[in-house]
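**Q**
In this note's numbering, the protein residues as written are 1 to 100.
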């Protein structure tokens with residue numbers, strides 16, 4: 001992400017996030033639905049059998065989107081080193097607190 005920001009300084013955090021998520025979606029769809037035994041078909045079938053799970057999946061997606069906004073805003077404003085430091089510190093504190 002730092003090299004993208006250096007090469008294209010006008011690119012916003014949401015532009016980078018959109019590009020990365022679009023490519024990720026394309027790769028995941030190919031991986032999940034490229035052949036008949038792929039797991040994507042099982043996931044769709046499960047959601048058809050259990051429509052109440054779709055709401056939980058949607059909420060999970062929303063939480064991930066909010067988290068991605070914070071990550072990409074941090075990277076675009078402060079750089080990836082600061083984001084890595086924040087993430088590592090958060091995980092370290094989480095491990096210490098959970099071990100008490």
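In this text, a Cβ means the ideal position worked out from N, Cα and C, and glycines have one as well.
Computed from a predicted model, the values in this text were never measured in an experiment.
1. How would you write the range of the alpha helix (DSSP H) that residue 38 sits in, first residue to last?
2. Ignore the nearest five residues each way along the sequence and tell me which others in residue 16's own chain have a CB closer than 8 Å to its CB.
3. Can you tell me the Cα-Cα spacing of residue 94 and residue 27, whole angstroms?
4. Cα separation between residue 30 and residue 55?
**A** The structure says:
1. Where residue 38 is concerned, there is no enclosing alpha helix (DSSP H), given that its DSSP letter is neither H nor E.
2. 1, 4, 5, 72, 75 and 76
3. 32 Å
4. 24 Å
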